[in-house]
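Just so you know, we're using the numbering used here here: the sequence shown kicks off at 1437 and counts up by one. Heads up, the thing below is written out as structure tokens.
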Amino acid sequence: MTRTIGVVSGKGGVGKTTLVSNLTHTLTDLGKSVTAIDTNVTTPHLGIHLGYHLVPKSLHDYLRGHAKINEVVYSHPHGFRLVPGSLSVNDMIGVNPDKLQSLTLNLTGKSDIILLDSAPSLGKEATLSLKLADELILLANPNLPSVLDVLKTAKVAEKLDKIILGVVVNRTKKGVGNMSAKEIESVTKYPVIGVIPEDDNVQKSLAARNAVVEFSPNSPASIEFKRIAHNLVGKKFNYSTNFWTKFLEWLK
């Protein structure tokens, strides 16, 4: 049975695409067949993160009725599949976001996990992503405005009877103004299932059009992406050093 998991937040720039691109790799490494779909129709970035920003046919061609589903699903060398969007403003003309439902339904049953890289905020595109997903990961930065935005998203998801897996906190570093995992859980009423540290390797990997788990597999962020993936599929994560345990303790 296919699990359709949406990565959502209440605003842009928190790192949804980074999380999705790295989970595609890590879940594939765990033996799962994975398809990632860029459901951020207005500002799609998944293709950039994974090196598929210049493709013959994109999600937008399908949404405009100019391509079939099999023409916009690409096989990545790492073993997963992805549906990237177009970066061209001209391709936004005549787009019907509602066709995302038929695309997702068609791919259901052909992968173990479908990951949806959602649009920011709670507009039509983002709400559509919420509706398409069966399960949701809430993504926040470690500050109160971002966490409150996630709380709003969670309330909408609850009304749609969606399963909320928990909160992933991205770009965490020790310092004034950073909320702890316990504080975030207190506000959202959902467990923190991942704490991704600020890591220069993430930006370097983006410049290389690659996921950081491939670019720098032993970097702090990579270790946490792997731990989150193990958590999602119910597998115990063992890392060879106690560095990460000490780092998480340091953040609390």
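Backbone N, C-alpha and C fix where the C-beta goes; we use that ideal spot for every residue, glycine too.
Can you tell me where the beta strand (DSSP E) with residue i in it begins and where it stops?
i	result
Pro1656	Note, Pro1656: premise wrong, no beta strand (DSSP E); alpha helix (DSSP H) at 1656-1668.
Thr1471	1470-1474
Pro1513	Note, Pro1513: premise wrong, no beta strand (DSSP E); not H, not E.
Gly1483	Segment 1482-1486 is the alpha helix (DSSP H) holding Gly1483; no beta strand (DSSP E) there.
Do residue j and residue i count as a contact pair if the criterion is CB distance below 8 Å?
i	j	result
Val1491	Pro1520	yes
Thr1454	His1485	yes
Ser1582	Val1470	no
Tyr1626	Ala1657	no
Gly1442	Asn1606	no
When you compare each of the options to residue i by their alpha carbons, which one comes out closest?
i	options	result
Pro1578	Met1615, Asp1527, His1496	Met1615
Pro1556	Phe1673, Gly1449, Lys1609, Ala1503	Gly1449
Ala1472	Met1528, His1512, Pro1656	His1512
Arg1517	Phe1673, Thr1540, Val1525	Thr1540
Tyr1675	Lys1662, Leu1668, Val1669	Lys1662
Val1508	Pro1633, Phe1673, Gly1483, Asp1636	Gly1483
Asn1526	Leu1587, Ser1445, Ser1494	Ser1494
Gly1545	Arg1439, Val1669, Leu1668	Arg1439
Lys1598	Asp1585, Leu1580, Thr1563, Ile1549	Thr1563
Between residue i and residue j, which are expected to be in contact by the criterion C-beta below 8 Å, what is the C-beta distance as a whole number of angstroms?
i	j	result
Val1423	Leu1566	Residue 1423 falls outside the range modelled here, since the chain spans only 1437 to 1688, and no answer is possible.
Ile1664	Leu1499	That pair is no contact at about 30 Å.
Ile1620	Ala1576	7 Å
Ile1632	Glu1660	5 Å
Using a Cβ-Cβ cutoff of less than 7 Å, which residues in the same chain neighbour residue i once the five nearest sequence positions on both sides are dropped?
i	result
Lys1640	Phe1651
Asn1542	Ile1505
Please confirm whether any heavy atom of the ligand FAD lies closer than 7 Å to the CB of residue i.
i	result
Val1470	The ligand FAD is not part of the structure shown, which contains no ligands of any sort.
Hey, could you find the ends of the alpha helix (DSSP H) residue i is sitting in?
i	result
Leu1568	1560-1568
Ile1599	From DSSP, Ile1599 is part of no alpha helix (DSSP H) but of the beta strand (DSSP E) over 1599-1608.
Leu1596	It is not in any alpha helix (DSSP H) - Leu1596 carries neither H nor E in the DSSP assignment.
Ala1643	1636-1643
Asp1553	Asp1553 -> not in any alpha helix (DSSP H); beta strand (DSSP E) instead, spanning 1549-1553.
For residue i, collect the residues of the same chain with a Cβ closer than 8 Å to its Cβ; drop the 5 residues on either side in sequence, then sort them by chain order.
i	result
Glu1561	Thr1475, Asn1476, Val1477, Thr1478, Pro1533, Ser1554, Ala1555
Val1531	Val1477, His1496, Leu1499, Arg1500
His1489	Gly1483, Pro1520, Leu1523, Arg1645
Only counting the same chain, and skipping five residues up and downstream in sequence, which positions put a Cβ closer than 6 Å to that of residue i?
i	result
Gly1487	Arg1645
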